[in-house]
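Chemist: I have a structure I would like to understand better, so I am pasting it below and will then ask my questions one at a time.
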Amino acid sequence: MSIDSLRSGAIRICFDPSLNAYPNKCRILLEGQMLDTGTAEDGALIKIPSLRDVDVLFGEGSVIANGLITGFGCCPNQAMEFYALPHKDLSVGATVKAKHTITFTGPATSDGRIDLFMGDGRWNTSTRITEGMTEDEIATAVAQSIGHEIGFPFDATAALGVVTLEAKNAGTVGNCLNPIYNWHQRRDYAPQGVTAEIAQTIQGLYAGAAAPPDYQAILGECCYCCIGMLYDKPEWQDAMIAYIASAWSCDKPQCFGHGYTYNTGTLGQIMATDTNSAEVSRMAQCCDDPVLGYLKVAAYAAQSCCSTVDNPEMSIQGPDFGVLGCVKQPESCFQCFTFDEQQILEANGFVVTVPRIGGTGSMTSPMIVNDVTNNRYDEEGRLNATWWNVKTNVIVCALHCSVTFKVTRGKERSLPSTLRSSSRKTFCRDCSHRRRISRVQRRWRACVSSFRA
229 MSIDSLRSGA IRICFDPSLN AYPNKCRILL EGQMLDTGTA EDGALIKIPS LRDVDVLFGE
289 GSVIANGLIT GFGCCPNQAM EFYALPHKDL SVGATVKAKH TITFTGPATS DGRIDLFMGD
349 GRWNTSTRIT EGMTEDEIAT AVAQSIGHEI GFPFDATAAL GVVTLEAKNA GTVGNCLNPI
409 YNWHQRRDYA PQGVTAEIAQ TIQGLYAGAA APPDYQAILG ECCYCCIGML YDKPEWQDAM
469 IAYIASAWSC DKPQCFGHGY TYNTGTLGQI MATDTNSAEV SRMAQCCDDP VLGYLKVAAY
529 AAQSCCSTVD NPEMSIQGPD FGVLGCVKQP ESCFQCFTFD EQQILEANGF VVTVPRIGGT
589 GSMTSPMIVN DVTNNRYDEE GRLNATWWNV KTNVIVCALH CSVTFKVTRG KERSLPSTLR
649 SSSRKTFCRD CSHRRRISRV QRRWRACVSS FRA
């Protein structure tokens, strides 16, 4: 339990020594959908020491398998322990699979290649087309190329000049696929006489009334530094956020952590998911974005936690630290949201990403513009910049953890009278909240919260 050791008119500092012996690495939990072909138990927590068996456990091309592959890619220094919480489609109420089509016209009047970018740089096909091929032959060749892409989360079939891409997982996770034709933008490269029209024909839906899991019963007393919610289902997001909030309490052994998720749709639809929650970072995702939303969330969560082990003060934003290098997208001079829309989203606590490099012809990576929580206002409606601004949170939390460690190394257990918080606004967090875990944190947990004198 938390032990109060210092009170003043501005802050209360409490120390929780109940979790001061944790010899393992920091933990990251990814939650998402698996396929029925996977051997893992539906709704059961499982530790993932490596990527060796993820396709067998969860099904090749599933949301959770691809999320783990992405997460491991953004944390190559083995600083984290990965855990997965898989769910089969029916257990989350996902009954309708999204379908997309690529309709070709022909015949080809010259030799060329059809290049397609689909969801991430790892699924980047290049199909040779020869003069005289009909639209049916072109569609068949392209579908065969797509079928060779390991882990692609869609099944490809061809008929009558149309390639149909059906999501492997049902629900909204398959809705926002944006294939890009001839993404290199090379002249005289694509076959002449051939055009490609891309459309979504069926919307993936969560038609079943599946209740969110009892996260407390599943996760127990174990602590997770970062929790990636690889879905945009608000009811389930709210349930996980509530679980994380309960773990922040200073009235019990503290188990701080931070959630990451995404929300899709129009600007208004995304804004409607706002819950003013300090326990989560919400990424705004439009369906025209070339990278799948749940892959960016997995990358964001993993990179945040992994970099924190050595640099707790670092925010995951901007060209130096905010580039999600484990996912790729074509360079572009156009962004998913206009600049005005980006400002609105940022002002309302949503994380925004843009291409790291503008241009054409090469790959780049998404870059996080603003590493923020979804919280802006306290319970009285006042702007709460401390909970919102990640950099302020991190610096203050790292300072308190550092001071705590130095004070508790010796026999002296009292804090110096000169110790002051750099903010009078509400705190109830340690280095692990906002994804900032340090080696000090494994020994001592500090909770700083404001109260009214």
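Numbering (the working numbering), first residue to last: 229 to 681. Using N, Cα and C, we set each Cβ at its ideal position, and we do this for glycine too.
Distance, Cα to Cα, THR362 vs ALA336?
Modeler: About 7 Å.
Chemist: Anyone know if the C-beta pair for VAL525 and MET511 falls short of 7 Å?
Modeler: For VAL525 and MET511, yes; Cβs fall inside 7 Å.
Chemist: Under DSSP, the alpha helix (DSSP H) around PRO314 begins and ends at which residues?
Modeler: Premise fails: PRO314 lies in the beta strand (DSSP E), 308–315, not in any alpha helix (DSSP H).
Chemist: Among GLY553, ASN576 and LEU405, which residue has its Cα nearest to the Cα of ILE596?
Modeler: Among GLY553, ASN576 and LEU405, the Cα nearest to that of ILE596 is on GLY553.
Chemist: Using the C-alpha atoms, what's the distance from GLU309 back to CYS451?
Modeler: One C-alpha to the other measures close to 11 Å.
Chemist: Give me the Cα-Cα distance between SER560 and ASN410, rounded to the nearest whole angstrom.
Modeler: So the two alpha carbons sit approximately 13 Å from each other.
Chemist: Pull up the DSSP beta-bridge partners for LYS327, would you.
Modeler: According to DSSP, LYS327 bridges with GLU394 and ILE430.
Chemist: What first and last residue would you give for the beta strand (DSSP E) that runs through ILE342?
Modeler: Note, ILE342: beta strand (DSSP E), 340–346.
Chemist: Between which two residues does the beta strand (DSSP E) carrying TYR471 extend?
Modeler: First-last for TYR471: 462–475, but that is the alpha helix (DSSP H), not the beta strand (DSSP E).
Chemist: What first and last residue would you give for the beta strand (DSSP E) that runs through CYS454?
Modeler: Per DSSP, CYS454 belongs to the beta strand (DSSP E) from 454–457.
Chemist: If we ignore side chains and look at the alpha-carbon of each, how far apart do ASN602 and PHE380 end up?
Modeler: Straight-line Cα distance between these residues: approximately 31 Å.
Chemist: Select from LEU520, GLY360, VAL390 and ALA322 the residue whose C-alpha is nearest the C-alpha of TRP464.
Modeler: Ranking the options by Cα distance to TRP464, first place goes to ALA322.
Chemist: Below 7 Å CB to CB, which residues in the same chain sit around THR267 once its five sequence neighbours on both sides are set aside?
Modeler: Hits under 7 Å: VAL284 and LEU285.
Chemist: Assign ILE297 to one of three DSSP states: helix, strand, or coil.
Modeler: Correct three-state label for ILE297: helix.
Chemist: When you compare only the Cα positions, how much space is there between GLN513 and THR358?
Modeler: Cα to Cα, the separation comes out at about 38 Å.
Chemist: Run through DSSP, which three-state label would THR494 get?
Modeler: Residue state, collapsed to three classes: coil.
Chemist: My understanding is that ASP416 touches LYS396, with C-beta atoms under 8 Å, so please give their C-beta distance in whole angstroms.
Modeler: The pair is not a contact, with the Cβ atoms about 36 Å apart (cut-off 8 Å).
Chemist: Taking the runs of the alpha helix (DSSP H) that are 4 residues or longer, which of them lie wholly in the region 363–395?
Modeler: Fully enclosed alpha helix (DSSP H) runs of 4 or longer: 363–375.
Chemist: Using 7 Å as the threshold, is the C-beta distance between GLY402 and GLY432 below it?
Modeler: Yes, these two residues count as a Cβ contact at 7 Å.
Chemist: Could you work out which residue in HIS486, ARG255 and GLY586 is closest to VAL508 when comparing CA atoms only?
Modeler: Selected option, being the one with the closest Cα: HIS486.
Chemist: Using 10 angstroms around the beta-carbon of TYR490, count the other beta-carbons present and answer buried if the total reaches 16, otherwise exposed.
Modeler: The residue is buried, with at least 16 neighbouring Cβ atoms inside 10 Å.
Chemist: Residues in the same chain with beta-carbon distance under 6 Å from SER590, minus the five sequence neighbours each way, listed in chain order, please.
Modeler: Excluding residues within five positions, the ones whose Cβ falls inside 6 Å are GLU559.
Chemist: Specify, as a first and last residue, the run of the alpha helix (DSSP H) that GLU259 falls within.
Modeler: Element bounds for GLU259: not the alpha helix (DSSP H) but the beta strand (DSSP E), 254–261.
Chemist: Confirm, please, whether the CB-CB distance from SER338 to THR353 is below 7 Å.
Modeler: No; because the gap between Cβ atoms is not below 7 Å, this pair is not in contact.
Chemist: If we count the other Cβ atoms within 10 Å of its Cβ and call it buried at 16 or more, is GLN420 buried or exposed?
Modeler: Under this definition GLN420 is an exposed residue.
Chemist: Taking the alpha-carbon positions, what's the GLY546 to ASN598 distance?
Modeler: So the two alpha carbons sit approximately 8 Å from each other.
Chemist: What is the C-beta distance between ASP548 and THR503, in whole angstroms, given that I count them as a contact (C-beta under 8 Å)?
Modeler: Between THR503 and ASP548 the Cβ distance is about 30 Å, and since that is not below 8 Å, they are no contact.
Chemist: Hey, ASP270 and HIS315 are a contact pair by Cβ (cut 8 Å); roughly how many whole angstroms apart?
Modeler: With 8 Å as the limit, ASP270 and HIS315 qualify as a contact, their Cβ atoms being about 6 Å apart.
Chemist: Going by alpha carbons, who is nearest to GLN557 out of ALA369, ALA424, THR581 and THR566?
Modeler: The candidate whose alpha carbon is nearest that of GLN557 is THR581.
Chemist: Alpha carbon to alpha carbon, how far is VAL579 from ALA475? Give it in angstroms, no decimals.
Modeler: Computed Cα separation, rounded: 23 Å.
Chemist: Is PHE578 helix, strand or coil by DSSP?
Modeler: Three-state result, PHE578: strand.
Chemist: Anyone know if the C-beta pair for LEU273 and LEU313 falls short of 7 Å?
Modeler: Going by C-beta atoms, LEU273 is nearer than 7 Å to LEU313.
Chemist: Who are the Cβ neighbours of ILE446 in its own chain at under 8 Å, not counting the five residues just before and after it?
Modeler: So the list reads GLY271, ALA272, LEU273 and LEU313, once near-sequence residues are dropped.
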